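Engineer: Read in order, the letters of the sequence shown correspond to residues 13 to 440 in the working numbering. Where is the CB? At the ideal position from N, CA and C, for every residue including glycine. Since this is a predicted model, take the numbers as computed values, not measurements.
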Amino acid sequence: MRRVIPNLIALAVICCVEAAAATTQPIVLDLKSASQLALRTNSQLRSAGASEDMSRADVNKAKSALYPTVGAETGYSYITKPTFFGATPVLATNTQISRVGLQQTVYSGGAVEAGVRQAQYGYQAATHGTRAAQADVLTGVSVAYFRARQAREAIDVAQASVTSLTASYEDAEKLHGAGVVTNSDVLRAQVALTTAKNDLIAAQNNYEVALAALRTAIGLAQDCPIELAADAQDTAPDFAATAVRAQRPEVAAASAAVMAADAAKTAAKAGNLPQVALTADYFNQPVGAQFPRLSNTVMAGVLVKFNVFDGGLTRANMDEANAAARKAREDLESEKRRVELEQQAAKLDLDSANARVETTVTQVQSAQESLRALQAGYKEGMNPLTDVLSAQTALTAARVLRLAALYDVKIAQVSLLRAYGQTDVLCR
Numbered sequence: 013m014r015r016v017i018p019n020l021i022a023l024a025v026i027c028c029v030e031a032a033a034a035t036t037q038p039i040v041l042d043l044k045s046a047s048q049l050a051l052r053t054n055s056q057l058r059s060a061g062a063s064e065d066m067s068r069a070d071v072n073k074a075k076s077a078l079y080p081t082v083g084a085e086t087g088y089s090y091i092t093k094p095t096f097f098g099a100t101p102v103l104a105t106n107t108q109i110s111r112v113g114l115q116q117t118v119y120s121g122g123a124v125e126a127g128v129r130q131a132q133y134g135y136q137a138a139t140h141g142t143r144a145a146q147a148d149v150l151t152g153v154s155v156a157y158f159r160a161r162q163a164r165e166a167i168d169v170a171q172a173s174v175t176s177l178t179a180s181y182e183d184a185e186k187l188h189g190a191g192v193v194t195n196s197d198v199l200r201a202q203v204a205l206t207t208a209k210n211d212l213i214a215a216q217n218n219y220e221v222a223l224a225a226l227r228t229a230i231g232l233a234q235d236c237p238i239e240l241a242a243d244a245q246d247t248a249p250d251f252a253a254t255a256v257r258a259q260r261p262e263v264a265a266a267s268a269a270v271m272a273a274d275a276a277k278t279a280a281k282a283g284n285l286p287q288v289a290l291t292a293d294y295f296n297q298p299v300g301a302q303f304p305r306l307s308n309t310v311m312a313g314v315l316v317k318f319n320v321f322d323g324g325l326t327r328a329n330m331d332e333a334n335a336a337a338r339k340a341r342e343d344l345e346s347e348k349r350r351v352e353l354e355q356q357a358a359k360l361d362l363d364s365a366n367a368r369v370e371t372t373v374t375q376v377q378s379a380q381e382s383l384r385a386l387q388a389g390y391k392e393g394m395n396p397l398t399d400v401l402s403a404q405t406a407l408t409a410a411r412v413l414r415l416a417a418l419y420d421v422k423i424a425q426v427s428l429l430r431a432y433g434q435t436d437v438l439c440r
């Protein structure tokens, strides 16, 4: 039931999404709603959930060896001539036999218990793997969302450039009409305006591409209409400095894999130890010769198995388990080092992005002042048009750099949350 209910919810969400697409009503998204929608629709998470269910089934399979096995069988046979041993009937013409048997392993050298532990640790690793998949999805959605926001604001920057260059083109035409400047100024302004319009078209296309990437990150079809919420004040939640490396699900999964590998070593060693089982059965033969056993009898016994020679199979299994355990420990250390690097890189990226934001503030202000002064000077015939166009290009570039720096800060904040295992706050 724990899996059925989420699956029904996901189905309902998908139906709602398809219905919205059918009515061409776009889904309006901010960071929180995009993250929450991804948790319900992303196929990567459903795949991780299926892997978790498989691991849970492995635990149940391993535990089944702790319980007795009960089997029942019945059969009928016919032979053309009965068989006798002296005067004793051995096989009658018609024979009907029914049997109910029970077997319970009482000692396996620790193999059964180790198998259960191995499966349980495997399930723990799968559970942490699901958490890691969720963190990846939330991170991917957040990055795609912020890139879409950046692309949307880049359209405004490109539009502002078109508006400014349109004014410069009109000024050049007026001055040319008054005989103040030559026709070359008009042509230069026209070329610059055309270039800016092309840049605007490219920015609009980049926005559509960013929306497509956001759909993919969420788990929506490309024909599903979406739009970003207007004036959404989306920022990544504050990073909690008290976070520790152990919160990373990848490290927890690697730790569980080490424990599972140790359990596998115990199971492999059990191949050198005897196995003991209790057996019992009930025998019924209503038709046929009751040889060598009478009908309606109960038999109980003890079964002992010992591996005398297996061609080195047990030794090879032990060597394999030992090597797997060493590998699991090395993988754990590698994962810890990778997480440490990711955390350090995330901090440095955030510091760098914040520094670039401060730098671009002055850069944009200076470019704006320079453009205003040059535009005024051009109208008075004091500055050439080339200086005005260069100043406009510099202002547009400064605005683009500032926009990139602002969103690099947001994305760096998301990366820092991912590095310290705190992505859950993105959907709260």
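Near residue 315, which residues of its chain fall below 6 Å by C-beta distance, leaving aside the five closest residues on each side in sequence?
Structural biologist: Cβ neighbours of residue 315 beyond the five flanking positions: 289, 291.
Engineer: Is it the case that the region 175-187 contacts the region 215-233, given that we only count it when at least three CB pairs across the two stretches are under 8 Å?
Structural biologist: No, the region 215-233 does not touch the region 175-187.
Engineer: Mapping the DSSP letters down to three states, classify residue 368 as helix, strand or coil.
Structural biologist: DSSP places residue 368 in helix when its eight states are reduced to three.
Engineer: Starting from the C-beta of residue 382, find all residues in its chain whose C-beta is less than 8 Å away, skip the five residues before and the five after it, and write them out in chain order.
Structural biologist: Within the same chain, residue 382 has close Cβ partners 403, 406, 407.
Engineer: Specify, as a first and last residue, the run of the beta strand (DSSP E) that residue 298 falls within.
Structural biologist: Run containing residue 298: 287-299, per the beta strand (DSSP E) assignment.
Engineer: Would the beta-carbon of residue 130 fall within 8 Å of that of residue 266?
Structural biologist: Their beta carbons are not under 8 Å apart, which means residue 130 does not touch residue 266 by this criterion.
Engineer: By how many angstroms is the C-alpha of residue 397 removed from the C-alpha of residue 200?
Structural biologist: Looking at the two C-alpha atoms, the distance is approximately 8 Å.
Engineer: What span of residues does the beta strand (DSSP E) with residue 54 cover, start to end?
Structural biologist: Segment: none, residue 54 is in no beta strand (DSSP E) and carries neither H nor E.
Engineer: Could you compute how far the alpha carbon of residue 269 sits from the alpha carbon of residue 67?
Structural biologist: Going by the C-alpha atoms only, they are around 13 Å apart.
Engineer: Could you have a look at residue 325 and say whether DSSP puts it in helix, strand or coil?
Structural biologist: DSSP places residue 325 in helix when its eight states are reduced to three.
Engineer: Leaving out five residues on either side along the sequence, give the residues of the same chain with a beta carbon under 7 Å from the beta carbon of residue 410.
Structural biologist: So the qualifying residues of the chain are 372, 375, 376, 379.
Engineer: Does the Cβ of residue 173 have 16 or more other Cβ atoms within 10 Å, making it buried, or fewer, making it exposed?
Structural biologist: The residue is buried, with at least 16 neighbouring Cβ atoms inside 10 Å.
Engineer: CB-CB under 7 Å to residue 446, same chain, minus the five flanking residues each way: which ones, in chain order?
Structural biologist: Given a span of 13 to 440 for the chain in the structure shown, any question on residue 446 remains unanswerable.
Engineer: Of the residues 80, 429, 420, which one's Cα is nearest the Cα of residue 162?
Structural biologist: Closest by alpha carbon: 420.
Engineer: Please determine, among 175, 228, 113, the residue with the shortest C-alpha to C-alpha distance to residue 152.
Structural biologist: It is 228.
Engineer: Does DSSP put residue 303 in a helix, in a strand, or in coil?
Structural biologist: Reduced to three states, the DSSP call for residue 303 is coil.
Engineer: I'd like to check one pair, residue 215 with residue 170: are the Cβ atoms closer than 8 Å?
Structural biologist: Yes, the Cβ-Cβ distance between residue 170 and residue 215 is below 8 Å.
Engineer: Beta-carbon separation of residue 431 and residue 355 under 8 Å?
Structural biologist: Against a cut-off of 8 Å, the Cβ pair of residue 355 and residue 431 comes out as a contact.
Engineer: Cα separation between residue 60 and residue 311?
Structural biologist: Answer to the nearest angstrom: the Cα atoms are 48 Å apart.
Engineer: In three-state terms, what does DSSP make of residue 419?
Structural biologist: Reduced to three states, the DSSP call for residue 419 is helix.
Engineer: Cα separation between residue 361 and residue 155?
Structural biologist: Between residue 361 and residue 155, the C-alpha separation is close to 14 Å.
Engineer: Considering only DSSP beta bridges, list what residue 97 is partnered with.
Structural biologist: 100.
Engineer: On the three-state DSSP scale, how would you describe residue 232?
Structural biologist: Three-state result, residue 232: coil.
Engineer: Short check: CB of residue 428 to CB of residue 348, under 8 Å?
Structural biologist: Contact: no.
Engineer: Consult DSSP for residue 311 and reduce its assignment to one of helix, strand or coil.
Structural biologist: Strand.
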